[in-house]
Structure formats: structure tokens, C-alpha cells
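S.K.:
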Amino acid sequence: MTAPKKDFDFARPKTIEQLYNLVQECQHEGRQFIFSAGGTDIMPNLKSEILSPDIVISLTGLRALNNIEKQGDHIIIGALTSLSELCSNNNIQKYLPALARAAHKVASPQIRNRATIGGNIMVENRCSYINQSPINRESHSPCFKIGGDVCHLVKSAKRGDDILCQARFVSDTAPLLLLQNSTVNIIGPAGSKEIKLADLYLNDGIESKSLMHGEIITHIKVEITENSLSHYEKLTIRNALDFPSLGVAALRRGNGDISVALTGLNTRPGVFHAKLENHETSDDMIVDICRKANDFTVTYQQDFFPRGYRKNMISVFIRRAINKILEGAKS
Amino acid sequence: MKLLNLTINGRKHTKAVSPSMTLLDFLREELNLTGTKNGCDKGACGCCSVMIDDKPMLSCLLPALEAEGAAITTIEGIAKGNALHPVQEAMIEMGAIQCGFCTPAMVINGVHMLAKNNNPDDDEVKECISATVCRCTGYNSIEKALHLAASKMRRAAHDGS
Amino acid sequence: MAEDVAFKHIEKTSLIGKRIKKPDAPAKAIGKTRYINDMVLPQMLYGKILHAGRPHAEIISIDTSEAEKLAGVHLVITAKDTPDLKLGFVKDNAPLKSKVLCERDEVAAVAAESEAIAAAAIKLIKVSYKDLPGVFSAKDGLKKDAPQIQENFPGNKSLKFKFKHGDLAEAEAGSDIILDHVFNVHYVTHCCMGTSCAIADFDHNGKLTIYSQTQYPYNYKMDLAPALGIDPGDIRVIQPTTGGSFGAKLDVYPYEPVAAILAQKTGRPVKVLFDREEEFINSPTRQPAAIHLRTGCTSDGILTFRSADVLMDNGAYTSWGPTVPVIMMRTVSGHYRVPVIDFKAQAVYSNNAYAGSFRGYGNVQMTYATAQHMDMFAEELSEKHGMDPIEFHLKNAQKSGEVTPQKSYLRECVLAECLTTAAAASDYVNKHKTYTEACTEEGRYKRGIGLASSIHNAGGAKIHKSDGCGTILKMDDYARVTVITGASEIGQGIDAVISQIVSEELGVPPEHVTLVNNDSDIGPWDVGVHASRTTFIAGNGAKRAAIKAKKQILAAASKQANVTAEELDLRGGYVVQDKDGAAVIRLDRMLRQMHFQPTPDVVMVSDYYEPNSELEGKDHISDHSAAYSHAVHIAEVVVDTYTGEVKVEKVTMAQDVGRVINRMGLEAQMEGGLAFGLGFALSEEMIFEEGRLLNPSFRDYKVPTAPEMPEIEMHFIESDCEEGPYGAKGIAELPTIVIAPAIANAVYNATGIRFLNPPMSPEKVARAIWEKKQADS
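Protein chains in written order, with our numbering: chain X, 10 to 340; chain G, 11 to 171; chain W, 5 to 781.
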């Protein structure tokens with residue numbers, strides 16, 4: 010047994026109302042809480058003592074958030090939809106096949122049966138110094154992400170810097186959702202709102218999401234782009250289990266414009282566009298996108314693939330993803 | 011402690027558990043169902059696979075209380091009495107079991123795949139076991155076993171119809 | 005003639021070479037097997053160890069008072085409770101440390117009523133350290149101003165090995181081509197799926213029963229006793245089912261005496277079980293090495309000399325790792341016919357992790373070098389002199405009866421057949437030529453084919469005064485056989501092989517043979533599961549014991565049937581006439597008749613088989629194994645020159661197995677051994693930063709999964725070993741040894757680039773391709 014080192018309480022409210030009654034109670038009593046969807050990312054972090062809340066509030070009882078619906082030119086995905094449900098859903102396969110592909114590339118079949126789309130777009134940023142045993146972490150001086158005063162990647166970093174932590178963004182599904190102009194519906198103690206998915210992501214590896222404590226994502230609203238083609242490519246050592254060392258989603262719109270979104274490189278995802286000129290996807294467009302992507306990238310050694318290699322692979326993977334799309338366009 | 015109600019291998023259980031206990035520890039320590047193995051406890055080896063409402067999941071990544079009301083099948087619930095499941099028979103027949111530590115997980119995942127599709131291709135078989143780490147075999151024998159089990163199940167389905 | 009044998013004829017059949025199921029497989033398939041990890045004893049406490057988590061430090065103080073106060077904690081121990089207790093190959097290690105020499109160092113330990121309490125107590129122990137500058141490579145350890153790691157080893161020099169044969173200067177002068185490279189072989193670890201575990205239990209007479217995953221229960225007692233200050237005779241080792249081993253459990257490691265000390269002092273059974281991170285950080289590794297290899301060859305393609313200078317990072321303590329030169333030098337002197345040899349190896353203490361034994365034992369490292377040199381020669385000779393690559397290998401391949409410079413006597417040697425079989429089956433020569441021509445062409449994906457071979461001991465390795473194994477065999481009144489053997493089962497399948505051999509001799513079904521082999525109070529002595537020895541040594545022992553039993557039964561039966569014993573045989577549960585198989589009497593009936601007579605004649609026989617090998621001496625000149633074997637692997641790869649990804653599509657293996665005993669077990673060991681070598685070659689690597697392991701998890705340490713495995717084609721060459729049981733040789737390490745250089749040679753064929761430093765991970769391959777492009781343009 011190596012259960013979470015710190016005991017936590019657990020609750021699984023069945024309705025949003027119950028959820029926020031509980032949240033209120035926690036706030037009133039000063040109990041630290043975290044939300045858990047599928048829990049496949051949260052549990053290892055609890056066991057590694059990266060998280061140590063008083064209570065884990067599971068969202069899996071909120072059955073209403075587990076659905077996929079087509080509404081006009083949007084697909085609405087409930088945040089608690091499991092990745093395997095997403096992969097096999099008819100609407101997703103028909104309108105967002107690259108999203109199904111990206112979801113299918115997450116971790117492993119057993120994890121996809123549990124992990125949710127909401128959890129995947131909220132997945133905690135990773136760094137080879139953080140995602141470690143507590144004893145190993147403790148033998149280094151604690152870093153910013155766990156409340157310490159140092160970054161082992163950027164030794165010169167100090168409190169007050171714009172970016173304190175370089176832990177990298179590793180969601181496989183977010184890039185494509187970003188290209189599809191997705192928005193997320195959020196509810197919280199202060200009520201509900203809809204924001205652009207792009208606005209969910211922040212620059213810093215610690216506060217990497219703009220969701221306020223106590224807020225949850227209920228739905229993701231994904232735009233169906235007429236006559237578009239898209240694809241997702243992922244760099245890993247193995248075919249299963251691995252987080253993306255680099256992930257590239259590419260989208261070609263009906264008008265020929267191309268966009269790509271990257272994951273795995275930086276503290277947040279990056280999105281880049283190239284406009285169609287002269288009626289044909291030109292190499293210049295791809296070169297342009299690759300250059301923008303390279304400029305965006307500030308990879309550090311947060312992954313076991315050295316930064317130089319991952320940087321070199323950006324162009325390779327962007328080309329690979331775009332070529333797949335162009336092949337699709339021909340056939 | 012909180013009360014947990016669930017069905018395991020067809021048997022109903024009600025037990026008080028610590029909220030931070032994982033389903034894996036609940037199975038192994040509270041119910042003595044030690045067939046489900048703890049290989050890494052962090053969701054990266056697949057050894058703790060069980061079926062929850064007919065889907066394989068990692069029991070180490072789940073607080074036991076998450077399984078409230080669920081129907082769980084562990085390796086102990088796969089054979090029917092003395093009659094082994096075709097996947098189990100095939101694993102034995104193909105020499106796909108050495109130290110055996112990953113075997114329960116391989117069986118759980120294989121049984122699930124074949125229940126959905128008794129005519130899987132090579133890629134489907136590979137994917138089915140792709141996230142369960144085995145250090146004794148080189149996986150080929152396990153893949154062969156799943157193909158053999160599939161053919162046995164197809165034959166049985168054909169004979170039965 | 006009794007009614008039940010009337011007109012019954014049983015033909016002579018043989019089980020040898022057939023597929024025999026592992027007897028423990030059904031229980032494993034249904035989840036019923038009790039692994040040591042699953043065991044709970046009455047009154048048992050849980051032990052937990054506090055590891056230092058830093059590579060080099062003085063321990064200024066340890067305050068255990070808070071931990072001791074925690075409810076449910078029975079005992080906290082530190083080095084002061086265990087003075088003078090030592091373990092390890094040169095007794096440079098201790099169960100608990102008073103100074104920190106590496107990340108894993110055991111600083112304190114707790115026994116508590118639950119794992120959670122033990123874990124909580126560990127956190128309450130306050131240790132104050134003064135960190136010291138460390139040594140993190142063998143090279144740095146040799147520097148004049150390097151901190152001294154171990155008190156008794158000045159200059160940080162640990163074990164040292166030397167072997168010389170012939171006149172090196174003369175051989176160099178007579179060489180037309182001399183290759184000179186340094187190969188850096190990296191850290192990898194076993195990753196047994198069942199993590200390390202020990203349960204210790206003392207009785208009221210001071211005798212220790214230890215439930216252990218050990219691979220060598222008998223010498224284990226000798227190694228464990230000084231770490232506890234008790235007599236080896238007072239230790240009983242029980243080996244419950246274990247989740248893999250692969251060499252990881254061939255030594256005593258600190259958690260085992262720690263469990264025992266906690267048990268001794270609390271008077272309760274104590275279980276220590278690692279979690280996965282502890283397993284990664286605290287298990288032995290494969291011995292890393294920098295191998296400076298020089299090899300000479302004439303323009304006719306005849307090898308002239310090999311010289312190897314090996315520098316090994318010993319880590320902080322000495323387990324089996326730094327002893328691997330014993331096998332490395334056999335490869336240097338025995339991998340093909342090499343007349344002149346110069347071998348040196350030096351291990352240097354550092355503050356890194358330390359290595360143990362690991363499937364392939366030094367040969368994985370050395371063959372990675374020698375097999376690449378063979379390929380480099382083959383390439384050069386083919387290019388300059390038009391020599392066929394297989395012809396080059398065949399010219400230097402030994403033949404039966406040859407003796408290597410270290411006096412390994414290759415009684416039955418079929419290296420040539422392994423080469424020609426694998427080459428023909430894979431169409432090596434043609435493909436190699438095609439891919440060589442395509443290598444310089446444009447194109448993203450490059451194909452390559454690579455050949456590698458090696459030699460390994462296949463009849464044990466006499467590194468102890470005895471390399472033997474004891475067997476006790478009894479038969480009951482129902483013709484059921486119990487075999488008590490010293491040989492351990494760690495998943496490799498000796499259980500199936502022994503029951504197969506015994507049923508072959510005694511004519512009973514394999515299911516009627518029960519193996520007892522997990523209790524040192526019951527079993528006779530054996531040196532352990534290692535050196536690919538168990539089928540050979542324990543198999544021979546079981547066969548000899550069964551033959552003794554058979555003789556006893558046939559002697560008794562001959563009196564009854566009024567024929568000579570030679571005219572009788574045991575088949576299908578009957579005593580039969582040898583010539584026509586006519587049944588004489590049912591075997592169980594015969595056994596009862598032997599038993600229930602005025603002078604009972606009960607079948608209880610024993611045997612101690614000692615192979616006819618010679619003890620490995622200080623001069624390293626001895627025929628240290630009773631057999632040697634060769635294997636050839638041919639790997640076919642596709643290299644993505646953009647990303648550097650290497651996909652191994654197919655491996656064709658041809659191995660001298662002596663004779664196939666259990667085909668199912670043989671195939672399983674071949675395939676599993678190959679998977680180990682594949683991971684070593686391509687993806688597995690322990691990444692250290694100043695002595696701290698950065699990737700102690702299955703997420704970050706990349707063990708191969710199913711999609712990475714290639715198609716495997718196996719060819720078993722049967723050389724019929726005179727000394728082996730039914731002609732068999734030991735087989736389980738060669739598959740791990742040969743695959744990595746075969747892949748490296750294939751990657752060369754595809755890209756024109758040599759990879760001297762495994763693993764051939766995508767970034768290394770991509771970088772090398774990029775650098776080559778820069779250099780070429």
C-alpha cells in the first residue's frame with residue numbers, strides 16, 4: 010500500500026447545488042478542497058504529495074455533465090465525458106475526427122476509460138523536478154511550484170518575475186479544441202460564465218489556468234468548421250503511457266487558411282496561423298507557421314527529451330500534421 | 011470512515027472505508043482480493059486493472075468511494091467456478107505467463123476487448139495490452155494468446171448459434 | 005498377468021522438445037497465486053526505511069523522538085543500533101548508514117502497526133545533514149583531488165581485473181586494420197513488476213525465517229548472517245512466488261537485514277515492501293561501463309587481437325556489478341577466434357547508484373562493443389576487398405573442439421550454423437547490400453539490417469567452489485512424484501522443465517510431479533538462478549535422480565517379471581517390456597508391492613550434480629562453464645531520419661540451444677530476453693543528476709510496451725551438448741545480449757552512423773543524422 014500520504018476526506022455531490030453547498034461549507038470551515046474529475050492526474054499528484062488537500066470533491070456524481078450534443082454548428086461536450094466515450098462518439102468521429110485521434114493518444118485505454126475531457130484540458134503542468142518522489146524533491150531545495158524559492162530549470166528566476174515556473178503544458182486534446190475556437194462554460198460560487206478556451210491558459214507553470222478556485226468547467230463548446238480538415242501528431246518515445254513531449258494539432262479551414270496549435274513545449278499551448286495566398290497551400294505558409302512556432306517556444310529541460318531536440322522536432326511535426334491534412338484534402 | 015456500497019464479482023459489499031483509500035487497497039487489504047496487483051501505484055504500469063461497470067480502469071487511480079454503487083469485476087471474478095475464461099486458457103496454452111505479476115491485468119483487458127469484439131486485428135490486440143507493462147515476456151506470446159482466445163470465442167459463438 | 009495390463013501396449017514416446025505448460029500458470033491466470041507482496045503474517049509489523057535522498061553527506065544528528073512517540077510505532081532504529089554489521093561483496097556496505105554515500109542510503113528504519121503509520125513515522129524523523137562534494141563519474145573518482153568515498157579504498161579504487169594472452173605488440177604489427185573506439189554503456193534497471201519485499205520472523209530460539217525474493221537461497225544465508233551478527237545456520241529462507249527477478253535478487257541488499265533487525269528487536273514478524281519509486285531508486289542497476297576496445301584484423305579478414313580497457317563506475321558500494329569483467333573478458337577472448345588478448349578493468353567508487361547482477365551479466369555491455377567492431381570490419385572488408393560479410397564472420401567463427409585463450413573449451417560449437425541459418429532466413433546479404441546502396445539516397449525513411457552474435461556460458465559458471473545442485477526425489481504409493489530441488493523458480497519456468505524431465509524418465513504425466521523448491525530447510529544446496537544455469541544444472545540433477553529411481557523400480561520389477569531390468573521400461577504409468585511396450589504392471593501397484601513387503605523398498609533417492617567445469621581463478625584461465633553457446637540476431641529496422649525514431653520491425657534469431665527441452669518455455673525466455681535487450685538498446689535509461697535519479701517511475705523510465713515489440717522469428721540450432729540434460733544448453737541470457745548491437749548495426753546500415761553510446765534514443769539518432777549532414781555538405 011502506498012495510498013496518499015496525507016489522509017483526505019472525499020465527497021461526491023450529485024448536483025451542482027450540493028457541490029456548492031459543500032464548497033461553501035469547506036470555505037466556512039477553512040478546509041482546503043480540490044476538485045477531481047476522472048482523477049487520473051490528481052491521484053498520482055496526491056500520492057506524490059504535490060497536492061495535499063483536506064478534501065477531494067469528486068465531480069463524477071454530476072451525471073448531467075457527461076454528454077455530447079450537436080447544437081447547430083457547435084458540438085457541446087460535457088466536461089465529464091470520458092476520453093474513451095469521446096473517441097467513440099458518432100458526432101465527434103463525424104465532425105471532429107482529429108479530436109477523437111488526440112483523445113485516443115492520451116495515456117492508455119484504462120486511463121481513457123476514466124479520464125475526462127474537462128480533466129484533460131485542465132491537466133496539471135509537468136516538470137521533471139516536480140513530478141518526483143517527495144524524498145527526491147525534498148533533497149533539492151523546494152521549487153516555486155511547491156512553495157519554495159527556486160526554479161531548478163531557470164536558476165536566475167526570482168519571486169516577482171512574470172514567469173516563475175516553467176512546468177510544461179501537456180494536454181493532448183487542448184490544441185485541437187483551441188483551433189476549433191472552443192469556449193468553455195464555467196460555473197462557480199459567483200455564478201456562471203463562458204470564456205474562450207484560449208483565455209483559460211496562462212503563462213506561468215504554477216497558476217497555469219485562469220479558473221478560479223471553486224470554479225468548474227461544465228461544458229466545452231466546439232465550433233464545427235465547414236469543409237475543414239484537421240489532424241493531431243504527438244511525439245513520444247512509446248506508443249502508450251507517455252505524455253506528449255510535443256503535440257501538434259493542425260487545421261485547414263474551408264478557405265485554405267492553416268492554423269496549428271502546440272502542446273508539450275511551453276507553460277501554455279501556442280496557436281499560429283497562416284493565411285492562404287494564391288489558392289494553394291504553399292511551402293511558404295508552412296515555413297511561416299514553423300518560424301512563428303519556433304519563436305514561441307521557450308522549452309526548458311522539463312522533459313526527458315532534451316530541449317534542442319524538441320525544438321528541432323517542432324517543424325518536423327508541424328509539417329507531418331499539415332501533410333496529413335493535405336493528403337486528406339486530395340483524397 | 012465512510013460507508014461504501016458496491017458489487018464485486020457479483021457479490022454485494024457494504025463496508026466502512028477511509029476516504030483516502032484507493033480502490034486497489036480496498037480490494038487487496040479490506041477484501042483480501044489480492045489477485046489485483048500493485049505494480050506502480052501511479053497509473054503507469056497497468057497491473058491494477060479491474061473492470062468497473064464493464065470497463066477496464068486502474069484501481070490505483072481511484073478512491074474506493076468513487077466506486078459507490080458500481081459493479082466491479084476483478085481477476086477473481088473472471089473464471090466461472092473451475093471453468094477458466096478462454097483468455098485465461100489461452101494465456102496458459104501459449105506460454106504467456108512467466109512470473110505472472112501482470113497476468114491478471116492482461117486477462118482483464120483481454121476479456122474486455124474480446125467481449126466487445128471477438129475478431130480483433132493485430133493493432134487492436136496490441137492496443138489492448140499497450141499500457142500494461144510486462145517484464146518477462148516480450149508481449150508477443152500474450153498477443154498470440156489473445157488471438158487464440160478470440161478464435162476460440164468465435165468458434166463457440168458460431169457453434170452456439 | 006493382472007487384468008488391468010492384459011493386452012496393453014505402450015509405445016515409447018518422448019516429451020523432450022514438446023510444449024509443456026508451466027504448472028503454476030493456472031493459479032496465476034485466475035489471480036490465486038500468493039506473491040510475497042500479498043503476504044500478511046499474524047502479528048506482523050510493517051517496516052519502512054528512511055532513505056537519504058542526497059548523494060554525499062555527513063549525518064550530523066538524527067532525532068527519532070517524535071517518530072517513537074507516534075501511536076502504533078514499535079521501534080525506530082538507526083546506524084547506532086546496528087554497529088559493525090556489514091554486507092556486500094567486499095563488506096563495504098551496512099544495513100543502516102552513519103554517513104551518506106549515495107541517494108538510496110538507508111539512514112533509519114521504523115516498525116509500525118500499519119504501512120501508513122510507518123510512513124508517517126518516517127516523516128517525523130529529523131536528520132541534520134552536512135552535504136559534501138560528491139563524485140559522479142568513474143573518471144572524476146580517479147582525479148587526484150577527488151573526495152574519498154569509502155574509508156578503506158584510497159583513490160576510490162574498487163575491484164580490478166586483468167587478463168593477457170599472447171604478444172600484443174606483435175599482433176598489432178601484423179594487423180592491416182585496427183579499430184579503436186570507446187563505447188559508453190549506460191545505466192538501466194530491472195524493473196521487476198513485483199517490487200522488492202522481505203518478511204523477517206525470529207523464533208524463540210533465535211532462528212530467523214526470512215521470506216525472500218532471493219535467487220540464491222543457500223549462499224544468501226552466508227551473506228545475510230554477517231549483516232545480522234548471527235550464524236548462517238540459524239537462517240531459514242522461504243521463497244514465496246515473486247514478481248520477476250532477472251538478476252536483481254542475486255545479492256543481499258540493505259532492506260533485507262533491516263527487516264530482520266526490526267523483527268529481532270521487536271519480536272514480531274516485519275515486512276518491508278518497496279513502492280515503485282523506492283524500487284527504482286534502491287534497486288541495483290546494470291553495471292555501466294566505458295569500454296575502450298581495440299581490435300585488429302588482417303586484410304584477409306582474420307582477427308589478430310582484441311584489447312579492452314574498461315572503466316566502471318562502482319557507485320557507492322560493491323555488489324555484483326563491478327565483478328562483471330569476469331564475463332566481459334570471456335567475450336573479449338571468446339567472441340570469435342582471437343589469438344591475442346589484453347583485458348583490463350577497473351571499478352571506481354562514486355556517489356552514484358550501485359550495480360548488481362543483471363541478465364547478460366557484463367556480456368550485454370561487452371557484446372555491444374565487440375559485435376559492432378565485427379560489423380565495422382565486415383563493412384570495411386566488403387568495401388575494400390569485396391569480402392562477403394557472412395564469409396568474414398565464418399572465417400573467424402570457432403568450430404567444435406576449439407579452446408579460447410581463457411581455456412573455455414567449446415566442445416560443441418555451432419556458431420557457423422547460427423550465422424548461416426539466420427543470414428539465409430532473413431536474406432541478410434541481399435538486404436544489406438540494397439540498404440547500403442540506398443543509404444546515401446534522399447528520403448526520409450531509411451531501412452537497415454544488422455547482424456550481431458555473441459558467446460555466453462551455457463552450463464553454469466563456476467564462480468563458487470561448487471556450481472552444483474542437489475535433488476531429492478521420492479515416489480509415493482500412488483505413483484506421484486515429489487522432487488525437492490535446490491533450484492529456485494523466479495518465473496523463468498524451471499518448474500515445467502523439471503517435471504518434464506522427471507516424467508520423461510519415470511513415464512508419469514508431468515502433472516503428477518510436484519516440485520518443492522522454496523524452503524532452504526527442506527531443499528538441498530544450489531548456487532542460485534543465474535548464469536543461464538538452471539535447466540542445465542538442476543535439469544541434470546533431476547534427470548540423474550529420476551534415473552536412480554527408475555533403476556530401483558525396474559530392479560524390483562525384473563524380479564517379479566523374471567526378466568532383466570534392461571528389458572523393462574517405464575511408460576504411461578506402467579512398467580512395460582522395453583521391446584514391444586507390453587504392460588507388465590501398473591506403476592502405482594508396483595510401488596505398493598515394493599513398499600509393503602517384509603523388507604520395504606521405498607523410492608527415495610537423492611543426487612548432487614556437480615558440472616565438470618573448473619573454478620574461475622585469479623588468473624582467469626579455466627574452463628569455467630560446462631558448456632558454451634552462441635547466438636546470432638539479425639535486426640531489421642526503419643529509421644525516421646527526421647525524428648530519429650528507430651522502429652525494429654523484425655528480428656531473426658538463431659541460437660545454439662543444445663537441445664530443445666520445453667519448447668514453450670524456451671520461446672518465452674527468448675522473447676522476454678529480447679525485450680530486455682530492446683529496451684536497453686532504444687529507450688531505457690536511468691537519468692542521474694549529481695547522483696539523484698530523475699526518472700524513478702514507469703512514466704519516465706521507458707520500459708518497452710507491446711507496440712514497440714518487433715516480429716520475432718526463432719531458429720533453434722541443436723548442437724546436442726554431451727554434458728547437458730538430453731543435450732540441452734542454458735539459453736536465457738543470450739537473447740538479451742545480442743539484440744542491442746544487432747540493432748546498432750542495422751541503424752548503421754540504414755544511416756551510415758555508428759552509435760557507440762546506447763540507448764539509441766530518437767534525439768541521439770536525430771542529432772547524429774543532422775551532424776553527419778553538416779559534415780557531409
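Backbone N, C-alpha and C fix where the C-beta goes; we use that ideal spot for every residue, glycine too.
Which chain G residues sit within Cβ distance under 7 Å of M594(W)?
M.R.: Residue numbering aside, residue 594(W) sits at position 590 when the third sequence is read from its first letter. Going along chain G, no residue has its Cβ under 7 Å from M594(W), so there is no contact; the nearest lies around 32 Å.
S.K.: What residues in its chain sit with their C-beta under 7 Å from that of M608(W), if we drop five residues either side in the sequence?
M.R.: By one-based count along the third sequence, residue 608(W) stands at place 604. Correct list, in chain order: K478.
S.K.: Which residues in chain W have a C-beta closer than 8 Å to the C-beta of V163(X)? List them in chain order.
M.R.: Here residue 163(X) corresponds to residue number 154 of the first sequence, with the count starting at 1. The contacting residues do not exist; V163(X) stays about 16 Å from chain W at best.
S.K.: If L71(G) and G223(X) are in contact, beta carbons under 8 Å, what's the gap, nearest whole angstrom?
M.R.: Here residue 71(G) refers to the residue found at position 61 when the second sequence is read from its first residue. Here residue 223(X) refers to the residue found at position 214 when the first sequence is read from its first residue. Contact doesn't hold; Cβ gap of about 24 Å is too wide.
S.K.: With a cut-off of 8 Å, does the C-beta of N194(X) fall near any C-beta of chain G?
M.R.: Taking the first residue of the first sequence as position 1, residue 194(X) is located at position 185. Not an interface residue.
S.K.: Could you check what DSSP says for D379(W) in three-state terms: helix, strand or coil?
M.R.: For the purposes of this step, residue 379(W) is taken as the residue at position 375 of the third sequence. The answer is helix: DSSP assigns D379(W) an H, G or I state.
S.K.: Can you name, in chain order, every residue of its own chain whose Cβ lies under 6 Å from the Cβ of L698(W), other than the five neighbours on each side?
M.R.: Residue mapping note: residue 698(W) aligns to position 694 of the third sequence, counting from 1. Excluding residues within five positions, the ones whose Cβ falls inside 6 Å are I691.
S.K.: Out of N128(G), E103(G), R145(G), state which residue places its alpha-carbon closest to the alpha-carbon of S161(G).
M.R.: Here residue 161(G) corresponds to residue number 151 of the second sequence, with the count starting at 1. Cα-wise, what sits closest to S161(G) is N128(G).
S.K.: Less than 8 Å separating the beta-carbons of S201(X) and V231(X)?
M.R.: By 1-based counting over the first sequence, the position of residue 201(X) is 192. By 1-based counting over the first sequence, the position of residue 231(X) is 222. The answer is no: Cβ separation not under 8 Å.
S.K.: Measuring only between beta-carbons, confirm whether I58(G) sits less than 8 Å from chain W.
M.R.: In the second sequence, the residue the question calls residue 58(G) occupies position 48. It should be noted that the sequence gives Cys, not Ile, for residue 58(G). By this cut-off, C58(G) is not an interface position.
S.K.: Using 8 Å as the limit for Cβ to Cβ distance, is D131(G) near chain W?
M.R.: To locate residue 131(G), count along the second sequence from 1; it is residue 121. Chain W, which has no Cβ nearer than 8 Å to the Cβ of D131(G), makes this no.
S.K.: Under 8 Å between C-beta atoms, does L16(G) make it to chain X?
M.R.: Position 6 of the second sequence, counted from the first residue, corresponds to residue 16(G). No, its Cβ sits nowhere closer than 8 Å to a Cβ of chain X.
S.K.: Please report the distance separating the alpha-carbon of G187(G) from that of A456(W).
M.R.: Coverage of chain G is limited to positions 11 through 171, which leaves residue 187(G) absent and any answer about it impossible.
S.K.: Taking all protein chains shown into account, do 16 or more other C-beta atoms lie within 10 angstroms of the C-beta of S781(W), making it buried, or fewer, making it exposed?
M.R.: As a first step, residue 781(W) is located in the third sequence; it is residue number 777 there, counting from the start. Counting Cβ neighbours within 10 Å, S781(W) comes out exposed, since fewer than 16 surround it.
S.K.: Does P763(W) have its Cβ less than 8 Å from a Cβ in chain G?
M.R.: Reading the third sequence from its first residue, position 759 is the one you call residue 763(W). By this cut-off, P763(W) is not an interface position.
S.K.: Using a beta-carbon distance below 8 Å, is Q119(X) in contact with chain G?
M.R.: Counting from 1 along the first sequence, the entry for residue 119(X) is found at position 110. Answer yes: the Cβ-Cβ gap between Q119(X) and chain G drops below 8 Å somewhere.
S.K.: Residues in the segment 299–315 of chain X with C-beta within 8 Å of chain W's C-beta atoms, listed in sequence order?
M.R.: F313, F314, P315
S.K.: Is the segment 574–589 of chain W touching the segment 441–450 of chain W, taking contact as three or more C-beta pairs under 8 Å?
M.R.: no
S.K.: Going by the DSSP bridge assignment, what does Q80(X) pair with across the sheet?
M.R.: One-based indexing of the first sequence puts residue 80(X) at position 71. Paired residue(s): H83(X).
S.K.: Would a check of beta-carbon distances place M163(G) closer than 8 Å to chain X?
M.R.: The sequence position of residue 163(G) within the second sequence is 153, counting from 1. Chain X, which has no Cβ nearer than 8 Å to the Cβ of M163(G), makes this no.
S.K.: Report the rounded CA-to-CA distance for G110(G) versus Y439(W), giving the unit in angstroms.
M.R.: The count along the second sequence starts at 1 and reaches residue 110(G) at position 100. The count along the third sequence starts at 1 and reaches residue 439(W) at position 435. Near 41 Å, if we compare the C-alpha coordinates of Y439(W) and G110(G).
S.K.: Below 8 Å between beta carbons: does that hold for T740(W) and V368(W)?
M.R.: For the purposes of this step, residue 740(W) is identified with residue 736 of the third sequence, where counting begins at 1. For the purposes of this step, residue 368(W) is identified with residue 364 of the third sequence, where counting begins at 1. Yes. Within cutoff.
S.K.: Would S137(X) and Q311(X) qualify as a contact pair, given that the criterion is a beta-carbon distance under 8 Å?
M.R.: Working through the first sequence from its first residue, we reach residue 137(X) at position 128. Working through the first sequence from its first residue, we reach residue 311(X) at position 302. Taking 8 Å as the Cβ cut-off, S137(X) and Q311(X) qualify as a contacting pair.
S.K.: List the residues of chain G whose Cβ lies closer than 8 Å to the Cβ of F17(X), in chain order.
M.R.: The residue labelled residue 17(X) in the question sits at position 8 within the first sequence. Near F17(X) (Cβ distances below 8 Å), the residues of chain G are P29, S30.
S.K.: Taking the alpha helix (DSSP H) that V32(X) belongs to, which residues open and close that run?
M.R.: For the purposes of this step, residue 32(X) is taken as the residue at position 23 of the first sequence. 25–38 is the extent of the alpha helix (DSSP H) around V32(X).
S.K.: Can the beta-carbon of L89(X) be found closer than 8 Å to that of L68(X)?
M.R.: In the first sequence, residue 89(X) corresponds to position 80, counting from 1. In the first sequence, residue 68(X) corresponds to position 59, counting from 1. Contact: yes.
S.K.: Along the chain, which unbroken stretches of the alpha helix (DSSP H) at least 4 residues long are found entirely within the segment 242–311 of chain X?
M.R.: 292–305
S.K.: Please give me, in chain order, every unbroken run of the beta strand (DSSP E) with length at least 3 that falls completely inside the segment 224–249 of chain W.
M.R.: Complete beta strand (DSSP E) runs here, min 3: 239–242.
S.K.: Using a beta-carbon distance cut-off of less than 8 Å, what residues from the segment 243–263 of chain X approach chain W?
M.R.: Those would be L244, I246, R247, N248, A249, L250, D251, F252, in chain order.
S.K.: Return no unless some Cβ of chain X is closer than 8 Å to the Cβ of T647(W).
M.R.: The sequence position of residue 647(W) within the third sequence is 643, counting from 1. Chain X, which has a Cβ nearer than 8 Å to the Cβ of T647(W), makes this yes.
S.K.: Could you round the C-beta distance between L68(G) and Q119(X) to whole angstroms and report it? I think they count as a contact, below 8 Å.
M.R.: Translated into the one-based positions of the second sequence, residue 68(G) becomes position 58. Translated into the one-based positions of the first sequence, residue 119(X) becomes position 110. 5 Å between Cβ atoms; contact.
S.K.: At which residues does the alpha helix (DSSP H) containing L455(W) begin and terminate?
M.R.: Here residue 455(W) refers to the residue found at position 451 of the third sequence. Counting along the chain, L455(W) sits inside no alpha helix (DSSP H); it lies in the beta strand (DSSP E) bounded by residues 449–461.
S.K.: Check each candidate in P729(W), N355(W), F702(W), K399(W) and name the one with the smallest Cα separation from C57(G).
M.R.: Working through the second sequence from its first residue, we reach residue 57(G) at position 47. That would be F702(W), whose Cα lies nearest to the Cα of C57(G).
S.K.: Between the alpha carbons of I34(W) and I62(G), how many angstroms are there, rounded?
M.R.: On the third sequence, residue 34(W) is found 30 positions in, with the first residue counted as 1. On the second sequence, residue 62(G) is found 52 positions in, with the first residue counted as 1. The straight-line gap from Cα to Cα measures roughly 18 Å.
S.K.: Counting only beta-carbon separations shorter than 8 Å, does A630(W) have a partner in chain X?
M.R.: One-based indexing of the third sequence puts residue 630(W) at position 626. For A630(W), the answer is no, since every Cβ of chain X falls outside 8 Å of its Cβ.
S.K.: Would you say the segment 129–146 of chain W touches the segment 52–68 of chain W, given that touching needs at least three Cβ pairs under 8 Å?
M.R.: They touch, by the three-pair rule.
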